[in-house]
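Enquirer: Let me begin by handing over the structure; questions about it come next.
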Amino acid sequence: MDAQKEALHRIITTLAKRKEELHTFIETLRYSLTSLQSNTSQVLSDLEEEFDTLFSMLYEMKDSMTGTVKQEQTRKMQELQNQLTQSSSALESSEELLAFANNAMLIRDGEDFMKAAKHIRDRVTVAPAFRHTMKLKATANMSYLTVDFSEERRMLEKLSFLPVPRAPEIDVTGCLVTDNTVTVAWRMPVEDSKIDHYILEYRKTNHEGLPRVKDEYCWEVADNVKVTKFTLTGLIFDSEFMNFRIRACNKAAVGDYSDPVTLETRAFNFNLDATSSHLNLKVEDQRVEWDPQSGKLESKVKGKENKGGGGTASPSRTRPTSRAPAARGRDRFTGESYTVLGDKSISSGQHYWEVKAMKDYKSYSVGVAYKNFGKFDQLGKTNTSWCVHVNNWLQTSLAAKHNNKTKSLEVPVPDGIGVYCDFDRGQLSFYNAENKQLLHTFKTKFIQPVIPAFMVWCGALALSAGLQVPSIIGGFQKTDKGSEAPAATVAPRIS
Numbered sequence: 031m032d033a034q035k036e037a038l039h040r041i042i043t044t045l046a047k048r049k050e051e052l053h054t055f056i057e058t059l060r061y062s063l064t065s066l067q068s069n070t071s072q073v074l075s076d077l078e079e080e081f082d083t084l085f086s087m088l089y090e091m092k093d094s095m096t097g098t099v100k101q102e103q104t105r106k107m108q109e110l111q112n113q114l115t116q117s118s119s120a121l122e123s124s125e126e127l128l129a130f131a132n133n134a135m136l137i138r139d140g141e142d143f144m145k146a147a148k149h150i151r152d153r154v155t156v157a158p159a160f161r162h163t164m165k166l167k168a169t170a171n172m173s174y175l176t177v178d179f180s181e182e183r184r185m186l187e188k189l190s191f192l193p194v195p196r197a198p199e200i201d202v203t204g205c206l207v208t209d210n211t212v213t214v215a216w217r218m219p220v221e222d223s224k225i226d227h228y229i230l231e232y233r234k235t236n237h238e239g240l241p242r243v244k245d246e247y248c249w250e251v252a253d254n255v256k257v258t259k260f261t262l263t264g265l266i267f268d269s270e271f272m273n274f275r276i277r278a279c280n281k282a283a284v285g286d287y288s289d290p291v292t293l294e295t296r297a298f299n300f301n302l303d304a305t306s307s308h309l310n311l312k313v314e315d316q317r318v319e320w321d322p323q324s325g326k327l328e329s330k331v332k333g334k335e336n337k338g339g340g341g342t343a344s345p346s347r348t349r350p351t352s353r354a355p356a357a358r359g360r361d362r363f364t365g366e367s368y369t370v371l372g373d374k375s376i377s378s379g380q381h382y383w384e385v386k387a388m389k390d391y392k393s394y395s396v397g398v399a400y401k402n403f404g405k406f407d408q409l410g411k412t413n414t415s416w417c418v419h420v421n422n423w424l425q426t427s428l429a430a431k432h433n434n435k436t437k438s439l440e441v442p443v444p445d446g447i448g449v450y451c452d453f454d455r456g457q458l459s460f461y462n463a464e465n466k467q468l469l470h471t472f473k474t475k476f477i478q479p480v481i482p483a484f485m486v487w488c489g490a491l492a493l494s495a496g497l498q499v500p501s502i503i504g505g506f507q508k509t510d511k512g513s514e515a516p517a518a519t520v521a522p523r524i525s
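Put into structure tokens, the structure is as follows:
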């Protein structure tokens, strides 16, 4: 009876949730219909405005060109009119002189004829007809002012709408998550040569499935992507999943989002646990620094508390100061165990993290330890801890340590060390963080969860967590069946 009620309750809950989703979807449809009508009206208005603007520009150009033609006409008419006036005057003068010459031909007296001839000759030398150039100062041709609109006409004939691009489709099979990079591939449902670029949006999430309205991460943008594949590099995988969506853009409009895709981005992400650190270490999330003054400061605080309370205060009850983290029983290291642990343990799977020395240091160690690692214990000197130790006291050297046994490693000391832990196969390997050269490997059988552990004397260490197992390292690891371990690549999921 109770099982049936519980099943019925689940059905009712599912129906209620589905009803709410349908209600939201109906409201979305109504809003989209209203927006479609509004957007259509706006597009028609914009189109009419564009054509009005083009017409206004052409009309202004027509007035300007008409004025130019009329000015040229006036200039030519004036030039030709002046030439006509001058030619008419020369013609009248020539006719008068010709009439005088004809009359002179009738003179019989030689002396009078010579005087008339001399007068005619003198007038001819200065006659306007002889000084007038028989060449037009202006032509009647106005064709060079004719406007050539052939190119513009061809452009107008090709004028068409530049439609809003369709939503791209993310190609899940082409997506790849490896080495803390994510490659996203997509395609257009219909070939569109007018696409100018794409906009890729992504965000981290701890929810598998569709993106949620209220999520702990905001969308980030990769704009102006010219190809249909893009790789995000240098990522820290501090969430279990990432959402991706794409928009296509042409010169006029931005298209709709693609259906979102969720890719799995799990990695071992942890911080340094300040409550587990030695008094002389100052810890901030993923950084630990040797600070001998912090231990002295807390000792003074303890002394005052002991004096005021009339007794000896337990370290676990000591009030924290601004410099020293709060104590937590035996997890708090003391003596010469300048150690701090990670805030997460490993009980299965394959994991990877890196550490790098930041300042002048005398020595540091990086490795793993069991939870029962004693507060006076030092890394590598017990059977519950494994590490590599870098010594920079007199000369720089590198050694592997476990159960108070030391093995010198005849390799150059790297700037950063990568730690690979395969809990199930009992393997702990250390690599050069830059080129992934193998430094040393411990083979054991972990009988309880292990915790990342770090020791530093002088200087500081910086932790890099949220890293996938690098593919070059994952390729070296073999499963029991002899196939490559799939630690380096996370299969994409679509939602």
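With our numbering, letter number 107 in the sequence shown gets 137, and the count goes up by one each step, no holes. Where is the CB? At the ideal position from N, CA and C, for every residue including glycine.
Use the C-beta contact count for H308: other C-beta atoms within 10 angstroms, 16 or more gives buried, fewer gives exposed.
Expert: Its Cβ being crowded by 16 or more others within 10 Å, H308 is buried.
Enquirer: Between the alpha carbons of E314 and L262, how many angstroms are there, rounded?
Expert: Answer to the nearest angstrom: the Cα atoms are 28 Å apart.
Enquirer: Can you tell which of I503, G489, P482 has its C-alpha closest to the C-alpha of A495?
Expert: Cα-wise, what sits closest to A495 is P482.
Enquirer: Applying the 10 Å Cβ sphere with the 16-neighbour rule, what's the burial state of I42?
Expert: So I42 counts as exposed.
Enquirer: Tell me, which residues are paired with Q457 by DSSP?
Expert: Looking at the DSSP assignment, Q457 forms a beta bridge with D452, K473.
Enquirer: Can you tell me whether DSSP reads A37 as helix, strand or coil?
Expert: Of the three classes helix, strand and coil, the one that applies to A37 here is helix, per DSSP.
Enquirer: Considering just the uninterrupted stretch of the alpha helix (DSSP H) at G397, what are its terminal residues?
Expert: Here G397 belongs to no alpha helix (DSSP H); instead the beta strand (DSSP E) covers 393–400.
Enquirer: If we call anything under 8 Å between Cβ atoms a contact, is I229 one with V212?
Expert: Contact flag unset, no.
Enquirer: Counting only runs of 3+ residues fully inside the segment 408–449, write out the beta strand (DSSP E) ranges in chain order.
Expert: Entirely contained in the segment 408–449, the beta strand (DSSP E) runs reaching 3 residues are, in chain order, 415–421, 427–432, 435–438.
Enquirer: Rounded to the nearest angstrom, what separates F406 and Y394 at their Cα positions?
Expert: Each residue's Cα considered, the two are about 16 Å apart.
Enquirer: Measure the C-alpha to C-alpha separation of S501 and N69 and round it to an integer number of angstroms.
Expert: Answer to the nearest angstrom: the Cα atoms are 49 Å apart.
Enquirer: Who does Q478 pair with in a DSSP beta bridge?
Expert: Bridge partners of Q478: none, in fact.
Enquirer: Let me check understanding here. Comparing Cα to Cα, which of S288, W383, C205 lies closest to A463?
Expert: Comparing Cα positions, the closest option is W383.
Enquirer: Who does C279 pair with in a DSSP beta bridge?
Expert: C279 pairs with H227, V284.
Enquirer: Return the CA-CA distance between W368 and W423, expressed in angstroms with no decimal places.
Expert: It should be noted that the sequence gives Tyr, not Trp, for residue 368. For Y368 and W423, the distance between alpha carbons rounds to 16 Å.
Enquirer: Would you kindly work out how many angstroms separate the C-alpha atoms of N210 and E294, rounded to a whole number?
Expert: Answer to the nearest angstrom: the Cα atoms are 11 Å apart.
Enquirer: Could you please give me the residues that DSSP links to A492 through a beta bridge?
Expert: Bridge partners of A492: R317, K386.
Enquirer: Assuming K259 is part of the beta strand (DSSP E), what are its boundary residues?
Expert: Taken as a continuous stretch (DSSP letters only), the beta strand (DSSP E) holding K259 covers 259–262.
Enquirer: Tell me whether I200 sits in a helix, a strand or coil according to DSSP, three-state version.
Expert: Of the three classes helix, strand and coil, the one that applies to I200 here is strand, per DSSP.
Enquirer: Is D452 buried or exposed, if buried means 16 or more other CB atoms sit within 10 Å of its CB?
Expert: Per the 10 Å Cβ criterion, buried.
Enquirer: Here's the rule I'm using: 16 or more other beta-carbon atoms within 10 Å means buried, otherwise exposed. How should V499 be labelled?
Expert: Buried.
Enquirer: Measuring CB to CB, does N273 end up less than 8 Å from T258?
Expert: No. Outside cutoff.
Enquirer: From the DSSP output, which residues share a beta bridge with Y232?
Expert: The partner list for Y232 (beta bridge, DSSP) reads E250, F274.
Enquirer: Can you tell me where the beta strand (DSSP E) holding T213 begins and where it ends?
Expert: Element bounds for T213: 211–217.
Enquirer: So, with DSSP's three-state summary, where would you put H149?
Expert: In this structure, H149 counts as helix in the three-state DSSP scheme.
Enquirer: Helix, strand or coil: how does DSSP classify I266 here?
Expert: Three-state result, I266: coil.
Enquirer: Is S307 helix, strand or coil by DSSP?
Expert: Three-state result, S307: coil.
Enquirer: Could you tell me if R191 is buried or exposed, where buried requires 16 or more neighbouring beta carbons within 10 angstroms of its beta carbon?
Expert: The sequence given here has Phe at residue 191, not Arg. The residue in question, F191, is exposed, as its Cβ has fewer than 16 Cβ neighbours within 10 Å.
Enquirer: For I376, name the three-state secondary structure that DSSP assigns.
Expert: Three-state result, I376: strand.
Enquirer: Can you tell me whether A463 is helix, strand or coil according to DSSP?
Expert: Three-state result, A463: coil.
Enquirer: Quick check on the DSSP output: the alpha helix (DSSP H) that includes L186 runs from which residue to which?
Expert: Its alpha helix (DSSP H) spans residues 180–187.
Enquirer: Could you compute how far the alpha carbon of E238 sits from the alpha carbon of D289?
Expert: Rounded to the nearest angstrom, the two C-alpha atoms are 15 Å apart.
Enquirer: Between which two residues does the beta strand (DSSP E) containing V499 stretch?
Expert: Counting along the chain, V499 falls outside any beta strand (DSSP E), and DSSP gives it neither H nor E.
Enquirer: Using three-state DSSP, classify K312 as helix, strand or coil.
Expert: K312 falls in the strand class under three-state DSSP.
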